[in-house]
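Residue numbers (the numbering used here), protein chains in the order written: chain A, 7 to 322; chain B, 572 to 844.
The beta-carbon is built from N, C-alpha and C at its ideal position, and this holds for glycine as well.
For reference, the structure discussed in these notes is given below.
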């Protein structure tokens with residue numbers, strides 16, 4: 007197998023007008039993006055935005071319908087097995103082998119990559135330690151907690167020492183403690199120089215992990231940049247969240263609020279007031295005689311960016 | 572994280588699995604089986620003993636008292652190859668229905684394999700190869716036990732093992748292909764009830780097909796199991812000519828080939844869409 011074309015600066019993934027259609031339905035609608043070696047790149051968006059389909063095309067398990075895609079300098083259409091040999095894939099749904107032990111899950115996956123057994127045993131021992139599952143070696147998969155299963159899947163995805171790891175919704179369904187442990191493991195991979203590409207619909211996950219991300223909605227990319235850049239570009243620095251006891255009170259408060267902030271976003275259960283100085287704006291809100299039930303001043307997040315760009319929240 | 576390939580010791584199987592990717596899927600199956608091989612070995616010997624005891628010796632005693640022989644041989648000798656072929660069909664069918672649904676939909680282990688350099692056809696091929704290996708083990712145990720009981724008069728009987736494997740694969744290949752394309756397991760009990768069980772009973776397994784009403788005969792001839800039974804019986808009794816033998820082999824191989832063609836299509840559609 008030849009090395010990817012070009013130097014270390016050549017992108018690991020390059021997509022131009024990448025499109026995927028299932029019959030009439032357009033799942034991915036002409037997206038452009040590049041992923042550089044060593045970065046953590048994210049696809050942020052709600053369910054159905056086309057993130058998973060994009061990941062499956064990168065993973066060479068779903069042929070592209072239109073456009074161009076290069077992964078590791080090769081084409082998924084012609085070099086699928088060669089690309090997959092150098093990828094790690096963490097799917098959204100757990101697909102660990104429930105008929106095998108934790109250890110055999112790693113071993114057989116190494117075998118799927120055609121690795122010799124001596125090498126597999128060496129790596130599986132390291133990876134069990136990496137996943138903090140040393141004492142679960144002979145356990146079946148079913149009794150493992152959700153966090154343990156995710157860690158095992160990540161360990162499994164590393165058995166071939168991939169240059170590029172694709173993680174589809176890596177922490178969906180996990181409790182906060184399990185998520186943080188998982189993030190910490192992913193940071194460690196990043197420090198070791200592994201390029202990570204992940205999808206998420208959690209804005210905090212995207213902010214925590216991603217060097218750079220694209221926001222997807224309805225099969226298209228609606229914005230691209232670092233988390234900080236995106237917030238600076240599309241949002242004010244701070245947000246005042248106001249909750250009212252009654253919907254009528256919220257409706258009545260909207261006209262005066264619009265005069266106070268740079269932008270006002272009424273949601274079903276609360277009003278968001280975008281402003282560069284949250285505390286000052288709040289003082290003026292109460293000075294105007296507006297009496298919300300509760301208030302919260304916070305920094306703007308990627309959730310606000312998404313709301314600004316699409317008019318919807320991420321979990322809608 | 573990639574590194575220069577370190578000098579690692581390679582076993583002959585390492586080299587073989589590197590060259591023939593589908594063997595890696597077969598190895599997965601073997602690793603699952605390894606956990607309960609003892610049970611499987613015991614049933615492998617016990618089941619033929621029970622069947623041959625009940626049907627061959629018990630029922631056969633009754634038959635032989637009245638008619639002296641079936642198709643010119645003792646009933647035990649007649650029925651043993653029938654049970655052999657039918658067991659291969661049932662064993663292969665069992666491994667081609669629900670376990671395939673599990674790999675494709677419930678546990679999604681096939682999808683995990685498809686994310687590696689393995690191609691969908693490797694997943695399909697490795698799966699089938701294991702079914703063949705299992706049928707070979709079961710058939711070998713059966714033939715040994717049957718020979719000890721005197722149910723296999725001819726030394727050609729050793730060929731009953733590959734004949735039984737071929738019979739099993741004539742069901743395993745198309746059924747795995749079918750299951751791989753299904754979205755639910757609802758059709759599976761129907762297949763067992765309306766395909767496998769009727770064939771089990773009416774393919775010359777327990778009585779010669781010429782006992783069937785004339786209008787049912789063509790159904791028996793179409794049944795892959797009838798060809799499998801004839802082939803196995805021809806081997807254990809040593810009475811089958813080369814012409815008919817080749818005919819049966821070709822018919823069964825046709826089912827295997829069609830099943831493989833169909834299976835590679837459905838596995839590719841499901842695993843690389």
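### Task
Count the other CB atoms, across all protein chains shown, that sit within 10 Å of the CB of residue 8/A; report buried if there are 16 or more and exposed otherwise.
As a position in the first chain, residue 8/A is number 2, starting the count at 1. Note that residue 8/A scores a pLDDT of 43, beneath 50, so its modelled location is shaky; the value from the coordinates is reported in the next line. With a threshold of 16 other beta carbon atoms within 10 Å, residue 8/A falls short and is exposed.
### Query
Taking only beta-carbon atoms, is residue 114/A less than 8 Å away from chain B?
The residue you call residue 114/A lines up with position 108 of the first chain. Yes, its Cβ sits closer than 8 Å to a Cβ of chain B.
### Query
Of all Cβ atoms in chain B, is any one closer than 8 Å to the Cβ of residue 10/A?
On the first chain, residue 10/A is found 4 positions in, with the first residue counted as 1. Because the pLDDT of residue 10/A is 46, which lies under 50, any placement of that residue in the model is unreliable, and the number read from its coordinates should be weighed accordingly. Proximity of residue 10/A to chain B, defined by a Cβ-Cβ separation below 8 Å, is not satisfied.
### Message
If contact is defined by three or more beta carbon pairs under 8 Å, each pair taking one atom from either stretch, is the region 658 to 665 of chain B in contact with the region 737 to 748 of chain B?
### Response
The region 737 to 748 of chain B makes contact with the region 658 to 665 of chain B; the number of CB pairs closer than 8 Å reaches 3 or more.
### Query
Taking the alpha carbon of residue 103/A as the point to measure from, which residue in 723/B, 684/B and 656/B has its own alpha carbon closest?
If you number the first chain from 1, residue 103/A lands on position 97. It is 684/B.
### Message
Quick check: what's the CA-CA separation for residue 573/B versus residue 219/A?
### Response
Here residue 573/B is taken as the residue at index 2 of the second chain, counted from 1. Here residue 219/A is taken as the residue at index 213 of the first chain, counted from 1. Per-residue confidence for residue 573/B stands at a pLDDT of 45, beneath the threshold of 50, marking its modelled position as unreliable; the derived number appears in the next sentence. So the alpha carbons of these two residues sit roughly 25 Å apart.
### Message
Rounding to the nearest angstrom, what Cα-Cα distance links residue 744/B and residue 838/B in this structure?
### Response
Reading the second chain from its first residue, position 173 is the one you call residue 744/B. Reading the second chain from its first residue, position 267 is the one you call residue 838/B. So the alpha carbons of these two residues sit roughly 12 Å apart.
### Task
Using the Cα positions of residue 833/B and residue 600/B, report the straight-line distance between them to the nearest angstrom.
Looking up residue 833/B in the second chain gives position 262. Looking up residue 600/B in the second chain gives position 29. Residue 833/B and residue 600/B: Cα-Cα distance of roughly 22 Å.
### Task
Using DSSP bridges, identify the partner residues of residue 218/A.
Here the question's residue 218/A lines up with position 212 in the first chain. Partner(s): 47/A.
### Query
Cβ of residue 791/B within 8 Å of Cβ of residue 802/B?
For the purposes of this step, residue 791/B is taken as residue 220 along the second chain, with counting starting at 1. For the purposes of this step, residue 802/B is taken as residue 231 along the second chain, with counting starting at 1. No.
### Task
Tell me residue 26/A's beta-bridge partners as DSSP assigns them.
Here residue 26/A corresponds to residue number 20 of the first chain, with the count starting at 1. DSSP lists 34/A as partners of residue 26/A.
#### Entry: residue 179/A at chain B interface by Cβ criterion, 8 Å
The sequence position of residue 179/A within the first chain is 173, counting from 1. The Cβ of residue 179/A sits no closer than 8 Å to any Cβ of chain B.
### Message
I'd like to know whether the C-beta of residue 49/A is nearer than 8 Å to at least one C-beta of chain B.
### Response
As a working note, residue 49/A is residue 43 in the first chain. Under the Cβ criterion of 8 Å, residue 49/A is not counted among the residues facing chain B.
### Query
Got a sec: is the Cβ-Cβ distance from residue 819/B to anything in chain A below 8 Å?
Against the second chain, residue 819/B aligns to sequence position 248. Taking Cβ atoms only, chain A never reaches closer than 8 Å to residue 819/B, which makes this a no.
### Message
Here's the rule I'm using: 16 or more other beta-carbon atoms within 10 Å means buried, otherwise exposed. How should residue 83/A be labelled?
### Response
Translated into the one-based positions of the first chain, residue 83/A becomes position 77. Exposed, since its Cβ has fewer than 16 Cβ neighbours within 10 Å.
### Task
Starting from residue 296/A, follow the alpha helix (DSSP H) in both directions and report where the run begins and ends.
Taking the first residue of the first chain as position 1, residue 296/A is located at position 290. Residue 296/A -> no alpha helix (DSSP H), and no H or E assigned at all.
### Query
Taking just the CA atoms, how far does residue 296/A sit from residue 251/A?
In the first chain, the residue the question calls residue 251/A occupies position 245. In the first chain, the residue the question calls residue 296/A occupies position 290. Their backbone Cα atoms lie some 12 Å apart in a straight line.
### Message
Any beta carbon of chain A sitting closer than 8 Å to that of residue 704/B?
### Response
On the second chain, position 133 is the one that residue 704/B refers to. Against chain A, the CB of residue 704/B has no partner CB under 8 Å away; the residue lies outside that interface.
### Message
Just checking: is the beta-carbon of residue 837/B within a distance shorter than 8 Å of some beta-carbon in chain A?
### Response
Residue 837/B sits at position 266 when you count from the first residue of the second chain. By this cut-off, residue 837/B is not an interface position.
### Message
Using C-beta distances below 6 Å, list every residue in its chain close to residue 10/A, excluding the 5 sequence neighbours before and after it, in chain order.
### Response
In the first chain, residue 10/A corresponds to position 4, counting from 1. Summary for residue 10/A: the model assigns pLDDT 46, below 50, so the residue's position carries little reliability, and this model does not support an answer.
### Task
Quick one: list the residues of chain A neighbouring residue 668/B, beta-carbon separation under 7 Å, in chain order.
Locating residue 668/B in the second chain gives position 97, where the first residue counts as 1. Within chain A, no residue comes near residue 668/B; the closest Cβ sits about 16 Å away, beyond 7 Å.
### Message
Three or more C-beta pairs under 8 Å: does that hold for the region 33 to 41 of chain A against the region 15 to 24 of chain A?
### Response
Yes, they touch.
### Query
Who are the neighbours of residue 754/B on chain A, taking C-beta pairs under 8 Å?
Taking the first residue of the second chain as 1, we reach residue 754/B at position 183. The contacting residues do not exist; residue 754/B stays about 16 Å from chain A at best.
### Task
Measure from the C-beta of residue 572/B to each C-beta in chain A and report whether the shortest distance is under 8 Å.
Reading the second chain from its first residue, position 1 is the one you call residue 572/B. With a pLDDT of 43 at residue 572/B, under the threshold of 50, the modelled position of this residue cannot be trusted, and the question is left open.
### Task
Closer than 7 Å by C-beta to residue 620/B: which residues in its own chain qualify, once you throw out the five before and the five after it? Chain order, please.
By 1-based counting over the second chain, the position of residue 620/B is 49. Cβ within range, chain order: 716.
### Query
Helix or strand or just coil, what does DSSP make of residue 777/B?
As a position in the second chain, residue 777/B is number 206, starting the count at 1. Coil.
#### Entry: Cβ-based burial, residue 122/A [other Cβ within 10 Å; buried from 16]
Here the question's residue 122/A lines up with position 116 in the first chain. With 16 or more other CB atoms across the displayed protein chains lying within 10 angstroms of its CB, residue 122/A is buried.
### Message
Below 8 Å on C-beta distance, what does residue 246/A contact in chain B?
### Response
Residue numbering aside, residue 246/A sits at position 240 when the first chain is read from its first letter. Result: empty, since nearest Cβ-Cβ is about 45 Å, beyond 8 Å.
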